[in-house]
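Positions in the sequence shown are counted from 1; adding 228 to them yields the working numbering. Cβ atoms here follow ideal geometry from the backbone N, Cα and C, with glycine treated the same way.
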Amino acid sequence: MVLLEKTVDVSRVVQFEEWEKLAKENIDHNAFTYIQSGAGREETLRSNEEDFRKIKLIPRYLKDVSNVCLKTNILGETLPYPFMIAPVGMQGIAHRDGELATARAANALKVPFIASTVTTYSLEEIAAELPDTIKWFQLYWSGDWEITASFLHRAEKAGYSAIVVTVDTPLLGWREKDLTNGYSPLKVGKGAGNYFSDPVFLQRLKRSPQEDSTAAAEEMIKLVLEPKLTWDDIRFIREYTSLPIIIKGILHPEDAKQALNYGVDGIVVSNHGGRQLDGAISSIEALPAIVEEIQNKIPVLLDSGIRSGADAVKALTLGADAVCLGRPFVYGLAAAGQEGVSQVLQNFIQDLKVTKSLT
Ligand SMILES: Cc1cc2nc3c(=O)[nH]c(=O)nc-3n(C[C@H](O)[C@H](O)[C@H](O)COP(=O)(O)O)c2cc1C
Ligand SMILES: CCCCCCC(=O)C(=O)O
229 MVLLEKTVDV SRVVQFEEWE KLAKENIDHN AFTYIQSGAG REETLRSNEE
279 DFRKIKLIPR YLKDVSNVCL KTNILGETLP YPFMIAPVGM QGIAHRDGEL
329 ATARAANALK VPFIASTVTT YSLEEIAAEL PDTIKWFQLY WSGDWEITAS
379 FLHRAEKAGY SAIVVTVDTP LLGWREKDLT NGYSPLKVGK GAGNYFSDPV
429 FLQRLKRSPQ EDSTAAAEEM IKLVLEPKLT WDDIRFIREY TSLPIIIKGI
479 LHPEDAKQAL NYGVDGIVVS NHGGRQLDGA ISSIEALPAI VEEIQNKIPV
529 LLDSGIRSGA DAVKALTLGA DAVCLGRPFV YGLAAAGQEG VSQVLQNFIQ
579 DLKVTKSLT
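Pasting the structure below:
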């Protein structure tokens, strides 16, 4: 894989499409396709953006907007803006500094960061870049309970303050473009930061990753996802961590109800950016019924399709407490590393300020 990483001046890059173009020009074709594409015919990927366009804002005027507040509260903590960095694995395919660059940009702006299980760097290395902002750990809940317990323990020790359990990935979506390209970042070791540094995983191997990285990556791929999991398994996580648990990937109000029944502390309305079930409802269409079910009992976050301040305002108006950014920051990372992520986040913050003031 080739990381071209040309130096680009991004101080005037504003539009999502421009970031996407720069990312495409700057990184390996298969890596870019992995980030950009969705599952199946990409119907859900398209709906995520199209359904935001169908919602119209009706502004109310003559209200003092000289000092608009963007803050939000989640799980007892105040966020300066209602934005979070969505868990995105394998950021090393976008830039050699991967999650470290993203974390530095997020930390400087105090935007919370959700670290994936399948990061290029380890959860401890990422945490070290996030001293001044909230950090959560996203769990791909391995069928190997000891490894899962080890990750939970490591995350707590490294200072993560919540566990985000992604439930829409019992197995990987049917990603036609990646299948055609024969491409998986995990196979080339870009998602191994946590596994290859985990004492329990290392015990499972016959040969260390240094001796045989291909075999170690294959072992890891067998362990990352577990199709047998059910709601009752949430109890396991409760037993092994005292941190709040947030379920990511809720689209049905009945699953929102289950989340309440199982005593979870928050949910993320998400279809994984159209990368899992093609044909699934867009997150923004799913949101109102879920908000109705949750009745403000726990925080509701949303991701999938947020491309502008107006998208964020629509999600917040329909009841989300905050939104998570995915592809936009990854394109910033691919275009210009930490600086690119920082510019993307600053654009979102300014755009939100303007849009909120005008509504
Ligand atoms: C390249 C890439 C990798 C991702 N990796 C993960 C992951 O490791 N864990 C997870 O829960 N979601 C993962 N996601 C999904 C994001 O958390 C988020 O749900 C999605 O990007 C939102 O859609 P959007 O990027 O179109 O806004 C990934 C998304 C992308 C684009
Ligand atoms: C076999 C594990 C695949 C991890 C997938 C990462 C992800 O969530 C995504 O690409 O989307």
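CB contact flag (residue i, residue j, <8 Å)
{"i": "A562", "j": "A322", "result": "yes"}
{"i": "G266", "j": "R503", "result": "yes"}
{"i": "I526", "j": "V497", "result": "no"}
{"i": "G560", "j": "W247", "result": "yes"}
{"i": "L573", "j": "A333", "result": "yes"}
{"i": "G533", "j": "I512", "result": "yes"}
{"i": "E384", "j": "Y349", "result": "no"}
{"i": "E357", "j": "A331", "result": "yes"}
{"i": "W459", "j": "Q431", "result": "no"}
{"i": "M193", "j": "Y423", "result": "Given a span of 229 to 587 for the chain in the structure shown, any question on residue 193 remains unanswerable."}
{"i": "V393", "j": "W364", "result": "no"}
{"i": "P359", "j": "N335", "result": "yes"}
{"i": "A550", "j": "I391", "result": "no"}
{"i": "E454", "j": "G371", "result": "yes"}
{"i": "G268", "j": "V395", "result": "no"}
Euclidean distance between Cα positions of residue i and residue j
{"i": "F379", "j": "S344", "result": "11 Å"}
{"i": "D579", "j": "A445", "result": "41 Å"}
{"i": "V236", "j": "I313", "result": "22 Å"}
{"i": "L414", "j": "W402", "result": "16 Å"}
{"i": "R240", "j": "V316", "result": "25 Å"}
{"i": "V428", "j": "V452", "result": "14 Å"}
{"i": "T300", "j": "T306", "result": "6 Å"}
{"i": "V230", "j": "S294", "result": "For V230, the predicted structure reports a pLDDT of 49, less than 50, and the residue's modelled location is therefore unreliable. A value from the coordinates is still provided. Approximately 48 Å, taken between the alpha carbons."}
{"i": "V242", "j": "E374", "result": "45 Å"}
{"i": "S275", "j": "R281", "result": "10 Å"}
{"i": "K542", "j": "I283", "result": "7 Å"}
Anticipated Cβ contact below 8 Å, residue i with residue j, distance rounded
{"i": "R466", "j": "I473", "result": "7 Å"}
{"i": "L544", "j": "L515", "result": "Actually they are not in contact, since the Cβ atoms of L544 and L515 sit about 10 Å apart, beyond 8 Å."}
{"i": "T347", "j": "I354", "result": "6 Å"}
{"i": "A508", "j": "L479", "result": "6 Å"}
Selected residue, minimal CA-CA separation from residue i, among the options
{"i": "E222", "options": "E248, K284 and N489", "result": "Residue numbering for the chain in the displayed model covers 229 to 587; residue 222 lies beyond these limits and cannot be assessed."}
{"i": "N260", "options": "V541, S412 and L303", "result": "Per the sequence shown, the amino acid found at residue 260 is Phe instead of Asn. If we check each option's Cα against that of F260, S412 comes out closest."}
{"i": "D325", "options": "G421, N409, V551 and E447", "result": "G421"}
{"i": "P340", "options": "S389, E270 and L285", "result": "S389"}
{"i": "G208", "options": "L250, K299 and Y262", "result": "Only positions 229 to 587 of the chain appear in the structure, and residue 208 is not among them; the question remains open."}
{"i": "G387", "options": "K418, D461 and I342", "result": "I342"}
{"i": "Q523", "options": "I495, A508 and D539", "result": "I495"}
{"i": "A329", "options": "N575, E567, K338 and A540", "result": "E567"}
CB contact below 8 Å: residue i versus chain C
{"i": "E454", "result": "Annotation note: the requested chain C is absent from the structure, which comprises a single protein chain."}
**OP:** Go through the region 261 to 315 residue by residue and report every complete run of the alpha helix (DSSP H) that reaches 4 residues or more, in order.
**Re:** 271 to 282
Subject >> Uninterrupted beta strand (DSSP E) stretches inside the region 344 to 385 (no shorter than 3 residues) >> reply: 363 to 367
Original post:
Can you list, in chain order, the stretches of the beta strand (DSSP E) that have 3 or more residues and sit fully within the region 504 to 561?
Top reply: 528 to 530 and 550 to 553
**OP:** Write down every uninterrupted run of the beta strand (DSSP E) in the region 387 to 443 whose length is 3 residues or greater and which is fully enclosed by it, in chain order.
**Re:** 391 to 394
Subject >> Uninterrupted alpha helix (DSSP H) stretches inside the region 466 to 498 (no shorter than 4 residues) >> reply: 481 to 489
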